[in-house]
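First comes the structure, then the notes that go with it.
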Amino acid sequence: MKNLQKLFPLKGKVQHYAWGGYRFIPDLIGEKNTDNKPFAEYWMGAHEQVPSEISFEGKNYPLSQWIAEDAEHILGAPVAKQFGRLPFLFKVLDVKDMLSIQVHPTREEAIKGFAREQAAGIPISDPSRNYKDDNHKPEVMVALSDFWLLHGFRRKEEIRKELERQPSWHALLPILEKEGIRGLYETVMNQPQEETDRYLAPLAVEVLPLYRQNLLSKGDPAFWAARAIEQYSNGQPEKLDKGIFSIYFFNLVHLKPGQAIFQGAGIPHAYLEGQNMELMANSDNVLRGGLTPKHIDVPELIKHTSFEEVVPKIMEPKPDASGEILYPCPVPDFAIRRVVLGKGMSQVHHAGSAEVVFVFDGSLTAQAGEKDLLNASRGQAFFVSAGTDYRISSGEAADCFIASAGTLG
């Protein structure tokens, strides 16, 4: 029976991180938030610690276990051979409070770092651990609302202007000129807390009153600097988070709904506010660079950070001839596309590898063959086995995202 069925209802798992919102995800997935918990992320995938559940003949099974029993058939032979598991993790995020600045290692460095920490006997659960697994973690996000984030270093001239604008930062100008962006970043990340406070306290005194009077726009780094001071220092100009420098050193990006951005290894970034669909390699390797009370390993962070000037490459939601919106990503682990169906429309799809389909709005019917049929409405997902030809149809209308493996190398 298992080999005959190709479409399966999929139930994701909620992550209640403190930075999450309280209404967006519960309203989306139809789950009451009676305990008023933050609903930060909704995971759809086969992560070993938090696997989604697949429904078959009235019973639920962890997706990771389901795939392990017949990986070649479920994932497709090429994906099973290259990855041995579902290579991606699909998420809905609701970012109410600012997230930590992050950098992700390459796969090669993740393998070495994981092996090194395993050999040292550091428990996976140890908060000082940098590598939770041996995989890289590139990711793409598609904005579901106005979304604000930090992404890569700005041009050197722009960083220089920020240093010139803040009198207390003038002492950093010679470092930027002599040692470049890397030298500047190493300096502020390695300096003692007392020196950080000397640089940032005058900024806090300037921006906090403006923020509290709603006189700053979200397009101004000062808005996010003030919010970071409120969030991480209780609004006090002391023990200030070093990540505040990065708010001025990194590109501040505003994505409109439907726009997307890819973030590969080495690109420093941080989510600031909004809701998105996020698709990433199945990994939990994060090197943090501030805006967090969590562990920061500065030497390891510097080692894996790209200090190149970055012009953010925003992907626009441009439908192809079939009406699909494609968001190209330069990795084999994942691919994402969006399908919007009008009233009474249908499309035929071929799942070259295993797919997860998430219905963001409306409802649809999916069918593979005569008897393999299911209905999915807003906030619901289903899993498609590799090699499946299936049709999705809408009654009134449907808006869905489809995640799969990317182009294999």
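Here the sequence shown stands for residues 0 to 408, numbered as in numbering that gives the first Met the number 0.
From the three backbone atoms N, C-alpha and C, an ideal C-beta is built for every residue, glycine too.
Judging by CA-CA distance, which residue of ILE335, SER321, ALA320 is the nearest neighbour of PRO327?
Walking along the sequence shown from the start, residue 327 turns up at place 328. It is ILE335 whose Cα lies nearest to the Cα of PRO327.
Just to confirm the assignment, what range does the alpha helix (DSSP H) spanning ALA114 have?
Against the sequence shown, residue 114 aligns to sequence position 115. Unbroken alpha helix (DSSP H) run through ALA114: 106 to 118.
Could you pull out every residue in the same chain whose Cβ sits closer than 6 Å to the Cβ of ALA224, ignoring the five residues on either side in sequence?
Looking up residue 224 in the sequence shown gives position 225. For ALA224, where only same-chain residues beyond five positions count, the Cβ hits under 6 Å are VAL206, ILE243, ILE246.
What beta strand (DSSP E) runs, 3 residues minimum, are completely inside the region 314 to 349?
323 to 326, 334 to 340
Determine the DSSP secondary structure at MET97, reduced to helix, strand or coil.
Taking the first residue of the sequence shown as position 1, residue 97 is located at position 98. Three-state result, MET97: coil.
Quick check on MET0: buried or exposed, where buried means 16 or more other Cβ atoms within 10 Å of its Cβ?
Start at 1 with the first residue of the sequence shown, and residue 0 comes out as number 1. Reliability of the predicted coordinates at MET0 is poor, the pLDDT of 40 falling under 50, and the value obtained from them is presented with this limitation in mind. Counting Cβ neighbours within 10 Å, MET0 comes out exposed, since fewer than 16 surround it.
May I have the straight-line CA-CA distance separating GLY233 from ASP26, to the nearest angstrom?
Counting from one through the sequence shown, the residue named residue 233 turns up at place 234. Counting from one through the sequence shown, the residue named residue 26 turns up at place 27. First, the amino acid is wrong: residue 233 is Asn here, not Gly. Using only the alpha carbons, I get a separation of about 30 Å.
Just how far apart, CA to CA, sit GLY408 and PRO331?
Taking the first residue of the sequence shown as position 1, residue 408 is located at position 409. Taking the first residue of the sequence shown as position 1, residue 331 is located at position 332. Because the pLDDT at GLY408 is just 41, under 50, the model does not fix this residue reliably, and the value given afterwards should be weighed accordingly. Computed Cα separation, rounded: 7 Å.
Whole angstroms is fine: what's the gap from GLU161's alpha carbon to TYR270's?
For the purposes of this step, residue 161 is identified with residue 162 of the sequence shown, where counting begins at 1. For the purposes of this step, residue 270 is identified with residue 271 of the sequence shown, where counting begins at 1. Going by the C-alpha atoms only, they are around 21 Å apart.
Quick check on ILE66: buried or exposed, where buried means 16 or more other Cβ atoms within 10 Å of its Cβ?
Translated into positions along the sequence shown, residue 66 becomes position 67. With 16 or more Cβ atoms within 10 Å of its Cβ, ILE66 is classed as buried.
GLU185 to GLY179, Cα distance in whole Å?
The residue given as residue 185 occupies position 186 in the sequence shown. The residue given as residue 179 occupies position 180 in the sequence shown. Rounded to whole angstroms, GLU185 to GLY179 spans 10 Å at the Cα level.
Leaving out the 5 sequence neighbours to the left and right, which residues in its chain are closer than 6 Å to GLU40 when beta-carbon positions are compared?
Counted from its first residue, the sequence shown places residue 40 at position 41. Only GLN14, LYS90, LEU92 meet the Cβ criterion.
To the nearest angstrom, report how far apart GLN4 and ASP398 are at their CA atoms.
Translated into positions along the sequence shown, residue 4 becomes position 5. Translated into positions along the sequence shown, residue 398 becomes position 399. If you take the alpha carbons of GLN4 and ASP398, they lie about 24 Å apart.
State the CB to CB distance for the pair ALA396 and LEU340, rounded to an integer number of angstroms; the pair is presumed to be in contact (CB under 8 Å).
Here residue 396 corresponds to residue number 397 of the sequence shown, with the count starting at 1. Here residue 340 corresponds to residue number 341 of the sequence shown, with the count starting at 1. So it is a contact: roughly 6 Å between Cβ atoms.
For the region 0 to 87, which segments carrying the alpha helix (DSSP H) assignment without a break, of at least 4 residues, lie completely within its bounds, in sequence order?
23 to 28, 62 to 68, 70 to 74, 76 to 81
Where does the unbroken alpha helix (DSSP H) through PHE382 begin, and where does it stop?
Along the sequence shown, one-based indexing puts residue 382 at 383. Element bounds for PHE382: not the alpha helix (DSSP H) but the beta strand (DSSP E), 380 to 383.
Helix, strand or coil, according to DSSP, for LEU209 in the structure here?
As a position in the sequence shown, residue 209 is number 210, starting the count at 1. Three-state DSSP puts LEU209 in a helix.
Beta-carbon within less than 6 Å of PRO318's beta-carbon, same chain only, minus the 5 sequence neighbours each way: which residues are those?
Working through the sequence shown from its first residue, we reach residue 318 at position 319. Around PRO318: ILE324.
Spatial neighbours of SER167 within its chain, please: CB distance less than 6 Å, with the 5 preceding and 5 following residues excluded, ordered by chain position.
Position 168 of the sequence shown, counted from the first residue, corresponds to residue 167. Hits under 6 Å: TYR198, PRO201.
Going straight from the alpha carbon of ILE53 to that of LEU286, what length do you get?
Mapped onto the sequence shown, residue 53 falls at position 54. Mapped onto the sequence shown, residue 286 falls at position 287. About 32 Å.
GLU68 versus PHE222 - alpha carbon distance
Position 69 of the sequence shown holds residue 68. Position 223 of the sequence shown holds residue 222. Going by the C-alpha atoms only, they are around 51 Å apart.
Looking at C-beta atoms only, is the number of pairs between the region 340 to 354 and the region 375 to 389 that lie closer than 8 Å three or more?
yes
Could you give the DSSP three-state label for GLU395: helix, strand or coil?
To locate residue 395, count along the sequence shown from 1; it is residue 396. DSSP places GLU395 in strand when its eight states are reduced to three.
Considering only their Cβ atoms, is the gap separating LEU74 from ALA367 smaller than 8 Å?
Numbered from 1 along the sequence shown, position 368 holds the residue referred to as residue 367. Numbered from 1 along the sequence shown, position 75 holds the residue referred to as residue 74. No, the Cβ-Cβ distance between ALA367 and LEU74 is not below 8 Å.
Between which two residues does the alpha helix (DSSP H) holding SER245 run?
Counting from one through the sequence shown, the residue named residue 245 turns up at place 246. 242 to 248 is the extent of the alpha helix (DSSP H) around SER245.
Please work out which residues of its chain come closer than 7 Å, Cβ to Cβ, to GLN165, disregarding the five sequence neighbours upstream and downstream, and give them in chain order.
Against the sequence shown, residue 165 aligns to sequence position 166. Cβ within range, chain order: LEU202.
Stretch pair the region 254 to 268 + the region 147 to 163: three plus CB contacts closer than 8 Å
yes
Going by C-alpha distance, which of GLU369, GLU307, SER282, ARG154 is nearest ARG390?
Residue numbering aside, residue 390 sits at position 391 when the sequence shown is read from its first letter. Of the candidates GLU369, GLU307, SER282, ARG154, the one whose C-alpha sits nearest the C-alpha of ARG390 is GLU369.
Look at the Cβ atom of ALA264, then the Cβ atom of THR364, and state whether they are nearer than 8 Å.
By 1-based counting over the sequence shown, the position of residue 264 is 265. By 1-based counting over the sequence shown, the position of residue 364 is 365. In this structure, THR364 does not lie closer than 8 Å to ALA264 by Cβ.
Just to confirm before moving on: does the CB-CB distance between PRO37 and LYS293 stay below 8 Å?
Position 38 of the sequence shown, counted from the start, is the residue given in the question as residue 37. Position 294 of the sequence shown, counted from the start, is the residue given in the question as residue 293. Contact: no.
Using a Cβ-Cβ cutoff of less than 8 Å, which residues in the same chain neighbour SER321 once the five nearest sequence positions on both sides are dropped?
The residue given as residue 321 occupies position 322 in the sequence shown. Closer than 8 Å at Cβ, skipping near neighbours: GLN346.
Identity of the residue in ILE28, ARG22, GLU47 nearest ASN35 by Cα
Counting from one through the sequence shown, the residue named residue 35 turns up at place 36. Of ILE28, ARG22, GLU47, the residue nearest in Cα terms is ARG22.
So what's GLU229 in DSSP terms, helix, strand or just coil?
To locate residue 229, count along the sequence shown from 1; it is residue 230. In this structure, GLU229 counts as helix in the three-state DSSP scheme.
Check this for me: beta carbons of LEU9 and SER51, under 8 Å apart or not?
Start at 1 with the first residue of the sequence shown, and residue 9 comes out as number 10. Start at 1 with the first residue of the sequence shown, and residue 51 comes out as number 52. Yes, the Cβ-Cβ distance between LEU9 and SER51 is below 8 Å.
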